[in-house]
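Chains as they are written, first to last, in this note's numbering: chain X, 1 to 283; chain P, 1 to 283. Positions of the beta carbon are idealized from the N, C-alpha and C atoms, including for glycine. What you are looking at is a predicted structure, and each value in this text was computed from that prediction instead of being measured.
What follows is the structure, given as structure tokens:
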């Protein structure tokens, strides 16, 4: 099941070709994207996702994001989705620099996709995660803007390769570290740790994305009396936490039960509490 | 003018959509490519380019490259190109992981494109180059294979952003450096230096591509009595060289006349000698 619509709101056959061979997404991974979780027609964090799409596009020097157009095409996909049989949908928004031999018009489309069975299983069972070196130091975001750190670009070959590598080692998830060992983020997730009733995530200026799901979770946790903080962490901090999660729009609050091959102490009650805080936001 | 053919040899309309919205190239920049220079129907370094395509695909864990199929589709594009009016062509080979919701068959196509006017001008006039930090240390290729260093992937958003950054600073070309200042490569070129009748380029194990054009040039130079070496270089080595070039299949042997805003001493006679060595390979 998939639903695809062009940015002008036209529904198209998801099996039919849509992109020209010279589209910059195909040729260069040159564009940006977002994945939004939709449950029974209700989007989660739509505004923050669209704001991040706009920030990513600006970092790539692309034409500004047409917010009303993206709102409309998202609604077109939501309206066409078979909610009776598929109550959850991932809504991908893809915005590329357009055809290289075109008139400069960017390409935009929205795609509704089912949540993979593996993602649903990981939500329930948790994952084994491997920390892998991302190769970057933590001081590059400001001084090397051409590295596009902080932009959610379509150039995700490394993110995919890191996940394949983890899978080849028997893990399901990756947590990237900087060259000095500082914890960064997952290839498609944000890292969250609980310790002594404080939730901590890693600072975007280290060279990572601002997490939309993490932000929603932190707001809910603060309202429930948790302390939250955005601070650099080491792998040791992850290993000695009371709870460790990789969070994202479609994987939600997925717990890490094993880190670098070592099982973490069971934290099921804490996991249920934190997941409950997040789910209550949308109840 | 463009000519596009699918890997099965079918010519298609270059203005028509070819890629499904869920193709991994569109979604993730997940695939590999080569750009081959063709002059009056004759390819240059076709074998080395195809070998590098195969190495890149292997590094990404993609199905093996079907060499006879790529040879056939390349010939289809060459046969369809209007050589009378366009004596030079760039032949792009694009090989992606295919549609995410497909049967696992990868996507392949070849595209003949004209050489951009700017590239032709830079061949003649040379370029101003800016050294930019690539953010990586030089020891990652072996110990972090998930970073795909040495693979020519479709995830080129950073390469494009670096070039745009250089252009915003009044330069035309980028030379990436490692985090310790070691010279790496251009976003789409290999760096070559001449000093005391020795040509030097940078070692691929530092985390860069093997250069097809550089390799052809070095073979020709050795045959003409030059010494060649593959050794790490610093930016100071570039600044104090007898000659400095960014070389690639379509830009050929393009000289760098200005480095980080400082004009280099004129080396026109040396440039003519080195360009002549390269062109003689295909005479």
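In terms of residues, what are the limits of the beta strand (DSSP E) holding residue i?
i                     : result
residue 65 (chain X)  : First-last for residue 65 (chain X): undefined, no H or E at that position.
residue 296 (chain X) : For chain X, the structure presents residues 1 to 283; residue 296 (chain X) sits outside this window and is missing.
residue 157 (chain P) : Run containing residue 157 (chain P): none in the beta strand (DSSP E); it sits in the alpha helix (DSSP H), 157 to 168.
residue 5 (chain X)   : 3 to 6
According to DSSP, which residues form a beta bridge with residue i?
i                     : result
residue 35 (chain P)  : P:92
residue 113 (chain P) : P:90
residue 255 (chain X) : X:245
residue 262 (chain X) : X:259
residue 99 (chain X)  : X:23
residue 104 (chain X) : In the DSSP output, where bridge partners are listed per residue, residue 104 (chain X) has none listed.
residue 153 (chain P) : P:32
Please determine, among the options, the residue with the shortest C-alpha to C-alpha distance to residue i.
i                     : options                       : result
residue 64 (chain P)  : P:30, P:106 and P:240         : P:106
residue 34 (chain P)  : P:260, P:87 and P:92          : P:92
residue 225 (chain X) : X:272, X:249 and X:277        : X:277
residue 287 (chain P) : P:143, P:153, P:53 and P:60   : An answer regarding residue 287 (chain P) cannot be provided, because it is not within the stretch 1 to 283 covered by chain P.
residue 253 (chain X) : X:160, X:125, X:55 and X:103  : X:125
residue 79 (chain P)  : P:5, P:44, P:151 and P:59     : P:5
residue 158 (chain P) : X:1, X:18, X:16 and X:27      : X:27
residue 165 (chain X) : P:40, P:260 and P:60          : P:60
residue 241 (chain P) : P:9, P:155, P:203 and P:271   : P:271
residue 201 (chain X) : X:77, X:237 and X:14          : X:237
residue 264 (chain X) : X:244, X:279, X:98 and X:274  : X:244
residue 75 (chain X)  : X:115, X:262, X:111 and X:210 : X:111
residue 3 (chain X)   : X:192, X:109, X:147 and X:257 : X:109
residue 231 (chain X) : X:282, X:185 and X:47         : X:185
residue 103 (chain P) : X:275, X:137 and X:15         : X:15
residue 81 (chain X)  : X:11, X:31, X:44 and X:17     : X:11
residue 222 (chain X) : X:162, X:274 and X:204        : X:274
residue 31 (chain X)  : X:210, X:168 and X:97         : X:97
residue 239 (chain X) : X:256, X:229 and X:228        : X:256
residue 171 (chain X) : X:146, X:68 and X:122         : X:122
residue 234 (chain X) : X:94, X:138, X:161 and X:279  : X:138
residue 44 (chain X)  : X:182, X:216 and X:73         : X:216
residue 173 (chain X) : X:128, X:1, X:69 and X:147    : X:128
residue 195 (chain P) : P:229, P:212, P:189 and P:187 : P:229
residue 95 (chain X)  : X:163, X:183 and X:67         : X:67
residue 214 (chain X) : X:268, X:163, X:189 and X:282 : X:189
residue 145 (chain P) : P:227, P:208 and P:268        : P:208
residue 73 (chain P)  : P:115, P:62 and P:9           : P:9
residue 120 (chain X) : X:283, X:90 and X:161         : X:90
residue 7 (chain P)   : P:118, P:280, P:77 and P:57   : P:77
residue 69 (chain X)  : X:62, X:50, X:58 and X:55     : X:50
residue 36 (chain P)  : P:18, P:212 and P:199         : P:212
residue 169 (chain P) : P:48, P:46 and P:260          : P:260
residue 141 (chain X) : X:115, X:206, X:192 and X:156 : X:206
residue 56 (chain X)  : X:99, X:152, X:203 and X:18   : X:152
residue 197 (chain P) : P:191, P:227, P:218 and P:183 : P:227
residue 283 (chain X) : X:220, X:62, X:13 and X:167   : X:220
Can you tell me where the alpha helix (DSSP H) holding residue i begins and where it ends?
i                     : result
residue 280 (chain P) : 268 to 281
residue 143 (chain X) : 140 to 143
Quick check on residue i - is its C-beta less than 8 angstroms from some C-beta in chain C?
i                     : result
residue 128 (chain X) : Of the chains in the structure shown, none is chain C; the protein chains are X and P.
request  = Return the chain-ordered ranges of every beta strand (DSSP E) run that is complete within the stretch 170 to 252 of chain P and spans a minimum of 3 residues.
outcome  = Correct list: 173 to 177, 190 to 195, 198 to 201, 227 to 230 and 243 to 248.
request  = Specify whether the stretch 176 to 186 of chain X and the stretch 118 to 135 of chain X touch according to this definition: at least 3 beta carbon pairs, one from each stretch, less than 8 angstroms apart.
outcome  = yes
key: At least 3 beta-carbon pairs within less than 8 angstroms: the stretch 13 to 33 of chain X vs the stretch 78 to 91 of chain X   = As far as the Cβ criterion goes, the stretch 13 to 33 of chain X does not touch the stretch 78 to 91 of chain X, which means the pair count is below three.
message = Restricting to runs no shorter than 3 residues, where is the beta strand (DSSP E) found entirely within the stretch 9 to 54 of chain P?
response = 31 to 39
message = Would you call the stretch 34 to 53 of chain P in contact with the stretch 242 to 250 of chain X, where contact means no fewer than 3 C-beta pairs closer than 8 angstroms?
response = no
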